[in-house]
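Student:
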Amino acid sequence: MTGRPDSRRPDAPGRPRLATWGIRALAVCAWLVAWQLLAWAVGARIVLVGPLEVLARLGALALTGEFWASVGVSLGRVLAGLLAAVALGTLLAALSSRISAVRELLAPAMGAIKAVPVASFVILVLLWVSSRWLSLVIAFLMALPIVYTNVLEGIRQTDPQLLEMARVFGLRTWDRVRLVYASQVLPYFRAAFSLALGMSWKAGIAAEVIGLPDLTVGEHLYDAKVYLDTPSLFAWTVAIVVVSVCLEALVGRALDWAETRWEARP
Amino acid sequence: MSVGGAGAAAFELRDVEKDFGGIRVLAGASARFAAGRVHVLTGPSGAGKTTLLRLLAGLERPDAGEVVRAEGLRLSMTFQEDRLLDNLTATANVRLPHARLRGRELEAFLAREREALAAAGLPVDSRPVRELSGGQRRRVAILRCVLADADALLFDEPLKGMDEGTVARVMDYVRPLLAGRTTLWVTHDSREVDLLGDVRLWHVEGGRCLPA
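Protein chains in written order, with our numbering: chain Y, 1 to 266; chain E, 1001 to 1212.
Structural data, given as structure tokens:
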């Protein structure tokens, strides 16, 4: 779950060339065509629907307020859980890097959170909190060990020569954190955030399917299953994937922008 | 040029011994580095010059003997490596020891930094230092050291690998900034002694540090 991420973004200096995008678009088109052909071949809408019908259903759903409200509610709860995990995971990693007793104490807890299946957590959490907060708690639990492990690894991998330099120059603790540690941990933090974002979103939706909180993406997925509404099932699935991809791209760009501004300050 | 001797001491080594992995680097080294003077330490590779600097900076503990520093002494240092923060600009790196500056003080220091970068032949732009060449990074490290608000400056072969023109340019800027500050300058190159002006020479060899 950790490893030294590359601090340089591969596409940072320029965007992939048009040809690369063309090849990617062609590959996607090829799969869509294969999917449509397979749907026609199967000829049973309840088993498999083609992309054209899915697109039509998604378009119809997107015209309803309920669709956007459901996406907003699910996304809001998952993001709240993720941000709480980022804050607590970073704080705990900082404490663990300084106090070995905290590190030892947290190791089994983090290991357990990583090992326990999402479904078990969902059932347990449903016993403890209202289903309204289920996806928030599940997103938090999914993201916490990822953020904690990566940030702790980043702190541990901080160049000791830089810390020595900071000591000689008499840098105060806070300046050491914001100037030395922050720059060294940032690549690990980015990797953790990106990974946690995708996992939290997917796990949060899965939790909603089990807990069925009102007006959520998970509830609509469950309804689609119950009523054997395969086009809606596919349409909601596509919506989940699109939100995930857009979110990751948006967060990536926002972090790029913040990092570039931070690096360029005089 | 005179040998080490009288005057208030900024640093003192008293019978210092230091081993690394069973190899004795310093064996009963004693020296008294007068405050406010430039001290140049020469000696063959592996003689213990860097170890001596690290002991004075408090980065190593002696196995035996004593390292004494004047009370309240503020240090700055260049290391054998650049030790820059790769994703910060040259000015942000030079300003590292002044991390708390704000408002007008910050503006004034920035102006000083830009002047220093130009004097050392460095570009003044918003590039992070990871995009600078090795020689440019070395100069940034030197400027960070001399512009720090320090009483004692420790230089570990700061001009290593620089061409003569760059050395002259850097030293024209650096030399006046050393006046009145305790400076310990480790070098292999005897030409640097001339560039530093009035210095006290020391020779490190055989585990000892003796006036040259």
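Virtual Cβ for every residue (Gly too), placed ideally from N, Cα, C.
In the DSSP assignment, what are the bridge partners of P108 of chain Y?
Tutor: Answer by DSSP bridge pairing: none, since P108 of chain Y is not bridged.
Student: Rounded to whole angstroms, what is the Cα-Cα separation between G20 of chain Y and V28 of chain Y?
Tutor: Sequence check: residue 20 of chain Y is Thr here, not Gly. Their backbone Cα atoms lie some 13 Å apart in a straight line.
Student: Under 7 Å, CB to CB, which of the residues in the segment 1117-1135 of chain E have a partner in chain Y?
Tutor: Listed in sequence order: S1126 and P1128.
Student: Return helix, strand or coil for C1107 of chain E, following the three-state DSSP convention.
Tutor: Before going further, note that residue 1107 of chain E is Glu rather than Cys in the sequence given. E1107 of chain E falls in the helix class under three-state DSSP.
Student: Would you please state the rounded distance, in angstroms, between the beta carbons of L955 of chain E and L1184 of chain E? I believe it to be under 8 Å.
Tutor: This structure gives no information on residue 955 of chain E, because the portion of chain E shown stretches from 1001 to 1212.
Student: If we define contact as Cβ-Cβ less than 8 Å, is L1055 of chain E a contact residue for chain Y?
Tutor: Chain Y, which has no Cβ nearer than 8 Å to the Cβ of L1055 of chain E, makes this no.
Student: Near S1002 of chain E, what residues of its chain come up, given a Cβ to Cβ distance below 7 Å and the 5 sequence neighbours on each side ignored?
Tutor: Confidence at S1002 of chain E is low in this model, with a pLDDT of 38, below 50, so its placement is unreliable and the value that follows should be read with caution. Excluding positions up to five away in sequence, the list reads R1200.
Student: Within 8 Å of any Cβ in chain E, is that where the Cβ of A264 of chain Y sits?
Tutor: So, interface residue.
Student: Of the residues that make up the segment 67-80 of chain Y, which ones have a beta carbon closer than 9 Å to any beta carbon in chain E?
Tutor: Those residues of the segment 67-80 of chain Y that come within reach of chain E (Cβ to Cβ, closer than 9 Å) do not exist; the list is empty.
Student: Look up A1027 of chain E in the DSSP assignment and say whether it is helix, strand or coil.
Tutor: It is a strand residue.
Student: For M1077 of chain E, which beta-bridge partners are listed by DSSP?
Tutor: The partner list for M1077 of chain E (beta bridge, DSSP) reads E:L1154.
Student: For F1079 of chain E, which residues in chain Y fall below 9 Å Cβ to Cβ?
Tutor: Under the 9 Å cutoff, chain Y gives Q161, E164, M165 and V168.
Student: Quick one: Cα of V242 of chain Y to Cα of V86 of chain Y, how far?
Tutor: Approximately 23 Å between the Cα atoms of the pair.
Student: Which residue spans inside the segment 12-67 of chain Y form an unbroken alpha helix (DSSP H) run of at least 4?
Tutor: List check, alpha helix (DSSP H) in window: 18-42 and 51-62.
Student: I'd like the span of the beta strand (DSSP E) that includes G1161 of chain E, first residue to last.
Tutor: G1161 of chain E -> no beta strand (DSSP E), and no H or E assigned at all.
Student: Would you say S1030 of chain E lies against chain Y (beta-carbon separation less than 8 Å)?
Tutor: It does not; no Cβ of chain Y falls within 8 Å.
Student: Does the count of Cβ pairs from the segment 1024-1041 of chain E and the segment 1116-1132 of chain E closer than 8 Å reach three?
Tutor: No contact exists between the segment 1024-1041 of chain E and the segment 1116-1132 of chain E.
Student: Output needed in chain order: residues of the segment 1157-1191 of chain E with a Cβ under 7 Å from some Cβ in chain Y.
Tutor: From the segment 1157-1191 of chain E, no residue has a Cβ closer than 7 Å to chain Y.
Student: Give a yes or no on contact between the segment 142-154 of chain Y and the segment 169-179 of chain Y, applying the rule of three or more CB pairs nearer than 8 Å.
Tutor: Verdict: no, contact absent.
Student: For A207 of chain Y, count neighbouring Cβ atoms within 10 angstroms of its own Cβ and tell me buried if that reaches 16, exposed if not.
Tutor: Buried, since its Cβ has 16 or more Cβ neighbours within 10 Å.
Student: Give the DSSP-derived three-state secondary structure of L1059 of chain E in the structure shown.
Tutor: Looking at L1059 of chain E - three-state DSSP - the assignment turns out to be coil, as it is neither helix nor strand.
Student: Quick one: does the C-beta of S100 of chain Y sit closer than 7 Å to a heavy atom of the ligand GDP?
Tutor: As presented, the structure is devoid of all ligands, the ligand GDP included, so that no description of it is given.
Student: What did DSSP end up calling T216 of chain Y once you bin it into helix, strand or coil?
Tutor: T216 of chain Y falls in the coil class under three-state DSSP.
Student: Could you check which residue in E:Q1080, E:E1066 and E:L1041 has the C-alpha nearest to that of E164 of chain Y?
Tutor: The shortest Cα separation from E164 of chain Y among E:Q1080, E:E1066 and E:L1041 belongs to E:Q1080.
Student: Using CA atoms only, rank isn't needed, just tell me which of Y:I240, Y:R253 and Y:E263 is closest to V71 of chain Y.
Tutor: Of the candidates Y:I240, Y:R253 and Y:E263, the one whose C-alpha sits nearest the C-alpha of V71 of chain Y is Y:I240.
Student: Using a Cβ distance threshold of 8 Å, determine whether the segment 1037-1046 of chain E contacts the segment 1080-1094 of chain E, with at least three qualifying pairs required.
Tutor: Flag = no, the segment 1037-1046 of chain E and the segment 1080-1094 of chain E do not touch.
Student: Between which residues of its own chain and R1130 of chain E is the CB-CB distance below 7 Å, once the five residues before and five after are set aside?
Tutor: Cβ within range, chain order: D1086 and N1087.
Student: Closer than 7 Å, Cβ to Cβ, to anything on chain Y: give me those residues from the segment 1061-1078 of chain E, in chain order.
Tutor: Per Cβ criterion, the list reads R1074, L1075, S1076 and M1077.
Student: Ignore the nearest five residues each way along the sequence and tell me which others in D69 of chain Y's own chain have a CB closer than 7 Å to its CB.
Tutor: Residue identity differs from the one stated: residue 69 of chain Y is Ala in this sequence, not Asp. L215.
Student: Output the residue ranges of the alpha helix (DSSP H) runs that lie fully inside the segment 142-224 of chain Y and measure 4 residues or longer, sorted by chain position.
Tutor: Within the segment 142-224 of chain Y, the complete alpha helix (DSSP H) runs of at least 4 residues are 160-168 and 182-211.
Student: Go through its chain and collect everything with a Cβ distance to G1206 of chain E's Cβ below 6 Å, but skip five positions before and after it.
Tutor: The answer is none, since no qualifying residue turns up.
Student: Is A229 of chain Y close to chain E, meaning its C-beta is less than 8 Å from at least one C-beta of that chain?
Tutor: Here residue 229 of chain Y turns out to be Asp, not Ala, going by the sequence shown. With 8 Å as the cut-off, D229 of chain Y does not count as an interface residue toward chain E.
Student: Closer than 6 Å by C-beta to L162 of chain Y: which residues in its own chain qualify, once you throw out the five before and the five after it? Chain order, please.
Tutor: Excluding residues within five positions, the ones whose Cβ falls inside 6 Å are V180.
Student: So the candidates are E:A1099, E:R1191 and E:M1162; which of them puts its Cα closest to the Cα of L1147 of chain E?
Tutor: If we check each option's Cα against that of L1147 of chain E, E:A1099 comes out closest.
Student: Given that D175 of chain Y touches chain E, what residues does it touch there, using C-beta distances under 9 Å?
Tutor: Chain E residues near D175 of chain Y: L1096, A1099 and R1100.
Student: On the DSSP bridge list, what partners appear for K1018 of chain E?
Tutor: The partner list for K1018 of chain E (beta bridge, DSSP) reads E:L1026.
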